[in-house]
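In what follows, a structure is listed as structure tokens, so that the remarks can point back to it.
Number of protein chains: 2
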Amino acid sequence: MKARPHVTLEDVARSANVSLATASRVLNGTASVRADLRERVSAAAAELAYAPNAHAQALAGGTHRTVGVICHDVSDPYFAAIAGGVMRVATDNGLLVMLAGTFRDPDREVAYVSTLRAQRAAAILLIGSAFEDRAWERAMAAELEPYRRGGGQVAAVSRHRGLKIDTVQPDNKGGAAELAKALVGLGHKRFAVLAGPRRLSTVIDRLAGFSGELAAHGIELREDDVFEAAFSRDGGYEATKRLLAGRKRKLPTCLFAVTDVMAIGALTALREEGLSVPGDISVAGFDDIPVVRDLAPALTTVRLPLEELGERAMDLAIKGATGSRPRTVRLSGEVVLRESTARPKR
Amino acid sequence: MKARPHVTLEDVARSANVSLATASRVLNGTASVRADLRERVSAAAAELAYAPNAHAQALAGGTHRTVGVICHDVSDPYFAAIAGGVMRVATDNGLLVMLAGTFRDPDREVAYVSTLRAQRAAAILLIGSAFEDRAWERAMAAELEPYRRGGGQVAAVSRHRGLKIDTVQPDNKGGAAELAKALVGLGHKRFAVLAGPRRLSTVIDRLAGFSGELAAHGIELREDDVFEAAFSRDGGYEATKRLLAGRKRKLPTCLFAVTDVMAIGALTALREEGLSVPGDISVAGFDDIPVVRDLAPALTTVRLPLEELGERAMDLAIKGATGSRPRTVRLSGEVVLRESTARPKR
DNA sequence: CTGTTAGCGCCTTCAA
DNA sequence: TTGAAGGCGCTAACAG
Chain P
2 MKARPHVTLE DVARSANVSL ATASRVLNGT ASVRADLRER VSAAAAELAY APNAHAQALA
62 GGTHRTVGVI CHDVSDPYFA AIAGGVMRVA TDNGLLVMLA GTFRDPDREV AYVSTLRAQR
122 AAAILLIGSA FEDRAWERAM AAELEPYRRG GGQVAAVSRH RGLKIDTVQP DNKGGAAELA
182 KALVGLGHKR FAVLAGPRRL STVIDRLAGF SGELAAHGIE LREDDVFEAA FSRDGGYEAT
242 KRLLAGRKRK LPTCLFAVTD VMAIGALTAL REEGLSVPGD ISVAGFDDIP VVRDLAPALT
302 TVRLPLEELG ERAMDLAIKG ATGSRPRTVR LSGEVVLRES TARPKR
Chain F
2 MKARPHVTLE DVARSANVSL ATASRVLNGT ASVRADLRER VSAAAAELAY APNAHAQALA
62 GGTHRTVGVI CHDVSDPYFA AIAGGVMRVA TDNGLLVMLA GTFRDPDREV AYVSTLRAQR
122 AAAILLIGSA FEDRAWERAM AAELEPYRRG GGQVAAVSRH RGLKIDTVQP DNKGGAAELA
182 KALVGLGHKR FAVLAGPRRL STVIDRLAGF SGELAAHGIE LREDDVFEAA FSRDGGYEAT
242 KRLLAGRKRK LPTCLFAVTD VMAIGALTAL REEGLSVPGD ISVAGFDDIP VVRDLAPALT
302 TVRLPLEELG ERAMDLAIKG ATGSRPRTVR LSGEVVLRES TARPKR
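Chains as they are written, first to last, in the working numbering: chain P, 2 to 347; chain F, 2 to 347.
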């Protein structure tokens, strides 16, 4: 009674007294079959709790209905929100999503692409900024290129310069510049920036946009005004403590964290040090992840349409590459001034 | 020059001038092969950018290295944290994770299990509370049972009573009781509760634990002290507004939201209504998702070892069922009193 | 140690 | 409309 571990199409066919081909046809609705046969097959399949073997289907040339999504960290609200958008579109199109978290390890990222390639995933989505690293780019391209030649679709969120792939690009530079302009408009003149690792393109772009705009207003952002730390809440917290330790007296009037997640850590660090926001110092972030509007004070930030970033990327992959050159969808951010920023008193 | 879309093992073998089997052996390290042949094969594989076809491998009896994880909402920090734990263990064991979000649709949940079954996933993990619904249970069991008979592993986080599967069970009831005791200990006597849908086992358990403990202290939690809403930030926000609209004057001294996410919405609603926390009213949540310690005031809650919940569930699945009866791993929560609760003034 | 061969479960022509 | 048969790419005996 525990003969075969899996019920196969053949079992169904036999049980329904029809040929393999007929069973296949009714189960896939792929061709018309006489009503009574159809009936028998369906009944048999239900009776046996038949589930088709997706591997066999894929091997036999059926379609591949799974897409791979690779991001740095699933539990980061930024990625989670984007992943949500991806999943919505994927689900609407009957696609299954495989979500992989690389924990920011470039090698693991390449390894995942390799596995997804093996799975013959219909598409691979790269979410989050690339590593600005020649060797990494080369390794990544070496996986991606044959994958695409084999008919795989690839799309990315955020800039992946070296890789020539379809991209949904949030306007990091422009958004940061707008934010800088708004903050300068409030009267701020002394800034500090909490930045993530400089290898990440997102960090580079936001930093460039911010400091560029400051420069346009005659404000110089010096190298020691930029505090580099891990791209996380703890990174923001730690960098802020470092900042405070260094210059209790000549504090900047405004602190810009390149991501909201870092800003959250910064807010807690400031609170612990007895500094009030925005009374003693203003704080701004970037991304507008869902929770920051619920903070007290609510965080000033640059709103990115996070879910849409994911949706558009999935769209690009589904539509498939038409022309030869990579497409780029640009999505702009919008400065949202909330209570964490105010006119400086000093 | 664009002959076959995919490079196959056979291509590699031919190019290396060896047999299919030999090529397979070196690529899988499955048996020893003469050094020079091994060399030739590896070189050919690299040269052709060969990627094995995972479907063919699976079909041919190779192992299935992917596990499916089903949760309600990927972008909910609670699930994201648990998923993080799952992925860590999965990655350490060379497993790929397919993460599916059901958006709380029971049918979609069943559908995903069906697909995962088709994929011959090595394991299926159900994260989050079950629907207390006979029909749903039946449909789920109908998918799961044949899956397990075929050798599939199943494990869950949170109570799934009807399904007899291995479970990692956070102590919702006990945690809520402990929390109630602590709040009563602070001097609170009038409570209101923000609850999610009563169909979810988690809601039922936490509610039972909380009101049970209150009762033990002679405090009755009446039906109209419980505000049911969506299991989300917006649900908490909306329910709080509803509560406030109903009884501006005889406010409870303490508000318990059955999840932190709902508590976050509640805090914002209270703030908007000009009520201070904990001055005018205390607020407590449940889960201790990462962000709540960074709120101002930091949220009192019941800390659940979220990542561990995921890790243990993955462990259960990997270890495989040994005995015949489902295993249950109980993980207890710990009350964490923070600034959002204080002694009542009234 | 290496090569040959028989499936794994399904889809899809090709005949009947 | 239905059935028979040939792969899809790979692994795992089984011979050499």
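Cβ atoms here follow ideal geometry from the backbone N, Cα and C, with glycine treated the same way.
In this structure, the straight-line span from the alpha carbon of residue 143 of chain F to that of residue 15 of chain P is close to 22 Å.
In this structure, the beta-carbon distance from residue 128 of chain P to residue 68 of chain P does not fall below 9 Å. Between residue 232 of chain P and chain F, the shortest Cβ-Cβ separation is not below 9 Å.
Within chain P, 7, 8, 49, 50, 51 and 52 have C-beta atoms less than 9 Å from the C-beta of residue 147 of chain F, given in sequence order.
Following the DSSP letters along the chain, one finds residue 198 of chain P in no alpha helix (DSSP H), marked with neither H nor E.
Contact with chain F is absent for residue 26 of chain P, since none of that chain's Cβ atoms lies less than 9 Å from the residue's Cβ. Residue state for residue 205 of chain P is assigned as helix, using DSSP reduced to three classes. Taking the Cα positions, residue 231 of chain F is about 6 Å away from residue 197 of chain F.
Counting only runs of 4 or more residues that sit fully inside the segment 251-304 of chain P, the alpha helix (DSSP H) segments are 261-273, in chain order. Not flagged as an interface residue toward chain F: residue 210 of chain P, since no C-beta distance is shorter than 9 Å. Within the segment 121-190 of chain P, the complete alpha helix (DSSP H) segments of 4 residues or longer fall at 135-150 and 173-186, listed in chain order.
What residue 75 of chain P touches in chain F, judged by beta-carbon distance under 7 Å, is 81, 84, 85 and 88, going in chain order. If you draw a straight line from the Cα of residue 54 of chain F to the Cα of residue 53 of chain P, it comes to about 19 Å. Following the DSSP letters along the chain, one finds residue 228 of chain P inside the beta strand (DSSP E) bounded by residues 227-229. Distance from residue 342 of chain F to residue 267 of chain F at the Cβ level is roughly 13 Å; contact not present, criterion being Cβ atoms closer than 8 Å.
Counting along the chain, residue 101 of chain P sits inside no alpha helix (DSSP H); it lies in the beta strand (DSSP E) bounded by residues 97-102.
Chain-order list of chain P residues neighbouring residue 263 of chain F: empty, with the shortest C-beta distance near 11 Å, by a criterion of under 8 Å. Close to residue 171 of chain F, with beta-carbon spacing below 7 Å, lies no residue of chain P; the smallest spacing is near 17 Å.
DSSP places residue 221 of chain P outside both helix and strand once states are collapsed to three, so it counts as coil.
Per DSSP, residue 332 of chain F lies in no alpha helix (DSSP H) segment; the continuous beta strand (DSSP E) that holds it begins and ends at 329-332. Interface with chain F (9 Å Cβ-Cβ cutoff): residue 197 of chain P is excluded. Straight through space, the alpha carbons of residue 154 of chain P and residue 319 of chain P are spaced by roughly 8 Å.
Contact annotation: residue 296 of chain P and residue 256 of chain F have beta-carbon atoms that are not nearer than 9 Å. Between residue 194 of chain F and residue 211 of chain F, the beta carbon gap of about 7 Å places them in contact (Cβ cut-off 8 Å).
Its chain contains 253 and 254 as the residues whose beta carbon lies nearer than 6 Å to that of residue 191 of chain P, once the 5 sequence neighbours on both sides are disregarded; these appear in chain order. Residue 21 of chain P counts as exposed, since fewer than 16 other C-beta atoms from the protein chains shown sit within 10 angstroms of its C-beta. Chain-ordered, the chain F residues with CB closer than 9 Å to the CB of residue 152 of chain P read 6 and 7. The residue from F:84, F:272, F:219 and F:216 with its alpha-carbon nearest to that of residue 242 of chain F is F:272. In this chain, residue 11 of chain P is not harboured by any beta strand (DSSP E); it is covered by the alpha helix (DSSP H) spanning 10-17. Counting along the chain, residue 34 of chain F sits inside no beta strand (DSSP E), nor does DSSP assign it H or E at all. Residue 335 of chain F: member of the beta strand (DSSP E) spanning 335-337, first to last residue. For residue 143 of chain F, the C-beta contacts it makes with chain P under 8 Å involve 50, in order along the chain. Pairwise C-beta distances place the segment 323-335 of chain P in contact with the segment 164-177 of chain P, as three or more of them are shorter than 8 Å. Along the segment 40-107 of chain P, the alpha helix (DSSP H) occurs as fully enclosed runs of 4 or more residues at 55-60 and 78-93, listed in sequence order.
Within chain P, the C-beta atoms nearer than 8 Å to that of residue 60 of chain F come from 54, 56, 57 and 60, in chain order. At a cut-off of 9 Å between beta-carbon atoms, residue 305 of chain F makes no contact with chain P.
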